[in-house]
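Student: Take the first sequence: its position 105, counting from 1, is numbered 150 in our numbering, and each next residue is one higher.
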Amino acid sequence: MLVLAGAGSGKTRVLTARIARLMEDGLPPYRILAVTFTNKAADVMRHRIAGLVGHEPDGLWAGTFHSVCARILRIEADRTDRTRGFTIYDESDSQRAVKRAMEDVDVDPRRWSAKGVRARISDAKNAMVRPEEFAAAAFDPLSRVTGTVYPAYERLLARCNAYDFDDLLLRAVRLLEEDDEVREHYGGRFAHVLVDEYQDTNHAQYRLVRAWASVHGNVCVVGDDDQSIYGWRGADLRNILDFERDFPGTAVVRLEQNYRSTGAILNVANAVIARNRARKEKRLRTERSHGARVVVAALRDERAEASWTVRQVESHRDRYTLGEVGVLYRTNAQSRAYEDALRGVGMPYRVVGGIRFYERREVKDVLAYLQLLVNPADDTAFFRAIGWPRRGVGAVTLERLETARSRSDGSLLDVAAAARQVEGLPAGAARALALFAKDIGALADLVPVASSAEVAEECVRTFGLRSALEAEEDGEDRLANVDELIAGMVAFAADRRGVEEESAGSELGLFLQHVSLLSDIDQYDPEEGAVSLMTLHNAKGMEFPVVFIGGAEEGLLPLGRSAETIEELEEERRLFYVGLTRAMDHLHVTHVSRRFRAGTSMPCFPSSFLDDLPDEAIDRRMSGSPGWRSGGSRFTAHGTSHESRSAWAGSSDRDRSFDWRYDPAATRDDGPVYDYSDSQETFELACGTRIVHPRFGPGTVLSIMGDGRTAKASIEFDLEGPKTLLVAHAGLRPAG
DNA sequence: TTTCGAACAGTTTTT
DNA sequence: CTGTTCGAAA
């Protein structure tokens with residue numbers, strides 16, 4: 046069954062109800078496999094099924110493609126060349142490994158970036174191209190280089206007993222396709238396979254679905270070609286477009302009724318997505334009323350954008366909680382301005398994405414030690430752990446260690462244990478290496494008999510990690526993160542109590558594999574009373590009563606580097622569409638005329654996507670920073686509807702004072718509708734006035750110099766001390 | 001030979 | 001903000 050389900054039409058509900066129905070008809074849950082896009086979605090689904098059938102769906106396989114594959118590879122470890130304690134390398138681990146592989150085959154890492162080579166290898170793996178096939182088809186220089194690095198990288202991963210993200214899919218497919226017993230086992234076991242967000246599957250994932258369904262053929266996928274936003278990760282829209290051909294006898298169901306958004310929001314979203322050529326024609330409809338028009342606001346810069354957004358959130362607060370507000374943007378870097386503004390007024394918020402918890406330096410450092418206990422072959426973890434805290438082992442020693450290893454064929458840890466026998470190592474370094482290996486060995490003995498948290502505590506103690514962190518600059522925060530990591534282990538163990546794990550790895554090993562596959566969105570708690578900040582990608586599958594989309598500018602949304610071809614531009618448009626359709630009641634889209642990017646302030650122009658918004662459904666606002674004088678009179682806007690975009694091409698910093706009156710609708714015939722209802726309230730700035738600054742927080746005005754746009758104010762901030770600011774740019778608000 | 005500070009690079013989206 | 005690189009000091 047193929048369910049073509051538009052945004053907000055109840056995709057997930059369909060899957061959940063189908064699983065519940067299967068269970069009610071007597072199918073045991075362990076015979077059902079549900080693949081979701083995030084681990085969180087799997088949890089939510091489990092919970093909802095429990096609500097429908099009255100009990101937990103024990104034994105149901107639900108998770109992401111990656112976590113399901115990791116589980117299969119763990120259970121079937123004996124049939125692979127890795128043990129069940131394998132490490133899962135994230136992108137940075139993988140990049141380090143690629144770099145070492147490049148050194149192994151004498152490719153100059155200055156001339157070729159490990160990052161670029163890794164990306165090529167990743168593409169190849171997702172397309173299921175083997176190293177030898179890749180090398181045979183490589184013609185351009187980067188591909189040739191990649192062709193030589195790829196096999197070396199594969200050898201390195203095997204030696205480290207590690208998989209990268211792509212391997213999890215790839216190796217699971219190989220296992221299923223090439224081992225008849227395995228395929229028949231899983232094919233026979235899974236009477237029903239259900240897949241969410243099918244439009245974002247890549248070739249390897251498609252092959253997985255085919256293999257899982259090889260016995261019963263009961264596949265149910267839901268997806269929406271208009272929400273395909275992972276093309277850059279190898280997602281192939283053909284998977285959904287060719288579904289009927291790949292699975293003969295498919296029933297196709299179309300869901301075009303949207304239960305989420307108001308009429309106005311849906312009008313806008315429909316108009317935007319209609320511009321795409323490569324799509325299945327459909328038109329979402331809603332029975333909800335037209336509702337408030339979609340607000341499109343032009344602001345001066347990202348700070349004005351952020352403070353405008355915060356003020357809008359304030360104005361919604363009587364009817365919505367902060368948890369019902371979502372602020373979405375294209376790039377993680379954009380969160381900064383919003384965070385500053387939110388912190389400035391003390392409004393709770395949470396950022397999803399960016400640097401993930403498990404990617405923090407100190408967390409990765411501790412994880413490297415733990416990884417080594419479970420998987421002593423993991424050289425990447427060895428390098429990381431041996432390098433911190435400093436123990437008198439440097440680059441030269443490590444190089445010699447590697448040379449020594451290439452003559453034996455154990456792991457670096459094995460060689461380190463016998464460091465005293467290695468020629469040419471300084472006595473101090475050899476002693477440190479041997480001690481390190483001995484301590485790791487002793488802790489590893491603890492793994493089978495102690496809980497993972499106990500092992501971690503012991504590890505932190507043995508290697509003096511706590512004191513090493515305490516000695517660091519912001520050691521307190523880092524220490525807190527390590528404590529949180531250990532707390533996470535306790536919670537993980539408690540969660541699993543009573544769950545029978547067929548793959549029976551160590552608790553620590555399972556934890557490590559589990560966190561390697563966690564995304565930030567998995568930790569997201571919608572109940573929290575805080576504004577949510579996240580990228581448009583992370584927002585997929587979510588909904589918010591009140592939504593803000595920032596940075597609707599040409600070059601940012603669509604993002605310049607991503608929109609070089611028509612296909613890429615259409616993917617950017619789908620991304621915008623995904624953002625628009627997250628909104629239930631109120632939707633706001635903002636764009637600015639100047640933005641700090643890549644270190645400099647750059648002039649910005651409204652996104653071409655905005656041209657497609659139907660006038661009757663939107664409410665244009667220009668709420669630049671009118672600024673104020675010490676006397677209190679307000680600036681008046683002079684929107685010039687004849688200024689064209691090209692006139693702005695040559696704008697320099699000197700034009701800045703005019704930015705606020707830049708007319709975003711200048712090229713439109715009907716001209717803009719000015720609305721200053723949301724502009725900053727005018728208020729008297731006088732000595733002693735209590736104010737709040739978006740960045741520096743509350744403060745008291747000491748003195749005012751000059752007036753008009755050049756007026757400056759000296760302000761004593763409660764936290765940051767005295768500062769002199771340009772009033773027109775400061776974005777001050779009255780306190781309280 | 002190691003360690004450390006300074007300077008510098010890179011920053012699209014993610015499992 | 002992190003990781004890398006380079007030179008200098010230990």
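Even for Gly, the Cβ is constructed at its ideal location relative to N, Cα and C.
Please work out which residues of its chain come closer than 6 Å, Cβ to Cβ, to T354, disregarding the five sequence neighbours upstream and downstream, and give them in chain order.
Tutor: These residues qualify, in order along the chain: F593.
Student: Using a threshold of 9 Å, state whether the C-beta atoms of A343 and R666 are closer than that.
Tutor: Yes.
Student: Between the segment 259-273 and the segment 241-250, do three or more beta carbon pairs fall short of 8 Å?
Tutor: The segment 259-273 vs the segment 241-250: in contact.
Student: Between Q140 and D149, what straight-line distance do the alpha-carbon atoms span, to the nearest angstrom?
Tutor: Roughly 14 Å between the two C-alpha positions.
Student: Helix or strand or just coil, what does DSSP make of M786?
Tutor: Here the chain comprises residues numbered 46 to 781, so residue 786 is not present and cannot be evaluated.
Student: Three or more beta-carbon pairs under 8 Å between the segment 211-221 and the segment 107-124, yes or no?
Tutor: Yes, the segment 211-221 touches the segment 107-124.
Student: Enumerate in chain order the residues of its own chain whose CB-to-CB distance from E517 is below 7 Å, with the five nearest sequence positions on each side excluded.
Tutor: These residues qualify, in order along the chain: R523.
Student: Between I166 and R618, how many whole angstroms is the CB-CB distance? I'm expecting something under 8 Å.
Tutor: Incorrect: roughly 30 Å between the Cβ atoms, too far for contact.
Student: Which parts of the segment 130-185 are runs of the alpha helix (DSSP H), unbroken and 4 residues or longer, counting only runs that do not cross its ends?
Tutor: Whole alpha helix (DSSP H) segments, 4+ residues: 136-149, 159-171, 176-181.
Student: Going by the CB atoms, is the gap between F184 and I77 shorter than 9 Å?
Tutor: Contact flag unset, no.
Student: Over what stretch of residues does the alpha helix (DSSP H) that includes C114 continue unbroken?
Tutor: That run of the alpha helix (DSSP H) goes 110-120.
Student: Buried or exposed: where does T331 fall if 16 or more other Cβ atoms within 10 Å of its Cβ makes it buried?
Tutor: Its Cβ being crowded by 16 or more others within 10 Å, T331 is buried.
Student: Please state if the CB of A464 and the CB of A440 are separated by a distance shorter than 9 Å.
Tutor: Not a contact, by the Cβ cut-off of 9 Å.
Student: For L602, report the span of its beta strand (DSSP E) as first-last.
Tutor: That residue, L602, is in no beta strand (DSSP E); it is neither H nor E in DSSP.
Student: For the segment 335-342 against the segment 601-620, do three or more pairs of beta-carbon atoms, one drawn from each stretch, fall closer than 8 Å, so that the two count as touching?
Tutor: Contact fails: fewer than three Cβ-Cβ distances are below 8 Å.
Student: Take every Cβ of the segment 194-203, pair it with every Cβ of the segment 398-414, and state whether three or more of those distances are shorter than 8 Å.
Tutor: These segments do not touch.
Student: Would you mind working out which of L286, G308, D763, V174 sits nearest A249, comparing C-alpha positions?
Tutor: The shortest Cα separation from A249 among L286, G308, D763, V174 belongs to V174.
Student: Cutting at 8 Å between CB atoms, please list the residues of its own chain near N315, excluding the five before and the five after it.
Tutor: Taken in chain order, the residues that qualify are R328, L329.
Student: Measuring alpha carbon to alpha carbon, tell me which of R299, R640, L764 ends up nearest P651.
Tutor: If we check each option's Cα against that of P651, R640 comes out closest.
Student: Let me check understanding here. Comparing Cα to Cα, which of P154, V113, Q272 lies closest to L221?
Tutor: Per the Cα distances, V113.
Student: Are at least three pairs of beta-carbons, each pair with one atom in the segment 556-567 and one in the segment 354-370, less than 8 Å apart?
Tutor: No, the segment 556-567 does not touch the segment 354-370.
Student: Measure the beta-carbon distance from A107 to R91 and round it to whole angstroms, keeping in mind my assumption that it falls under 8 Å.
Tutor: About 6 Å separates the two Cβ atoms, so the contact holds.
Student: Is it buried or exposed, E2, if we count other Cβ atoms within 10 angstroms and call 16 or more buried?
Tutor: Residue 2 lies beyond the residue range present for the chain, which begins at 46 and ends at 781; the question has no answer from this structure.
Student: Are there 16 or more other CB atoms within 10 angstroms of the CB of A182, so buried, or fewer, so exposed?
Tutor: Exposed, since its Cβ has fewer than 16 Cβ neighbours within 10 Å.
Student: Leaving out five residues on either side along the sequence, give the residues of the same chain with a beta carbon under 6 Å from the beta carbon of S678.
Tutor: Here S678 scores only 24 on pLDDT, less than 50, and its place in the model is too uncertain to base an answer on.
Student: By Cβ distance below 6 Å, which residues in the same chain neighbour V297 in space, the five residues on each side in sequence not counted?
Tutor: Only L47 meet the Cβ criterion.
Student: Tell me N315's beta-bridge partners as DSSP assigns them.
Tutor: Paired residues: none, contrary to the question.
Student: Which word fits V494, buried or exposed, when buried means at least 16 other C-beta atoms lie within 10 angstroms of its C-beta?
Tutor: Classification of V494: exposed, given that the 10 Å Cβ count is below 16.
Student: If you run the structure through DSSP and keep just helix, strand and coil, what is S697?
Tutor: Its pLDDT being 31, under 50, S697 is placed unreliably in this model, and the value from its coordinates should be taken loosely. Looking at S697 - three-state DSSP - the assignment turns out to be coil, as it is neither helix nor strand.
Student: Give me, in chain order, the residues of the same chain whose beta-carbon lies closer than 7 Å to that of M68; leave out the 5 immediate sequence neighbours on both sides.
Tutor: Here the set comprises P74, V98, P102.
Student: Which ranges does the beta strand (DSSP E) cover as unbroken runs of at least 3 residues, wholly within the segment 276-325, from first to last along the chain?
Tutor: Fully enclosed beta strand (DSSP E) runs of 3 or longer: 297-300.
Student: Considering V264, what are the terminal residues of the beta strand (DSSP E) in which it resides?
Tutor: Counting along the chain, the beta strand (DSSP E) containing V264 begins and ends at 264-268.
Student: First and last residue of the beta strand (DSSP E) that includes F641?
Tutor: Looking at the DSSP string, the run of the beta strand (DSSP E) that includes F641 is 639-642.
Student: Any idea what DSSP makes of W257, helix, strand or coil?
Tutor: In the structure shown, W257 sits in a helix (DSSP, three-state: H, G or I).
Student: Take L253 and list the residues in its own chain whose beta-carbon comes closer than 6 Å to its own, dropping the five residues that flank it on each side.
Tutor: Answer for L253: V218, listed in chain order.
Student: If you run the structure through DSSP and keep just helix, strand and coil, what is P590?
Tutor: DSSP places P590 in strand when its eight states are reduced to three.
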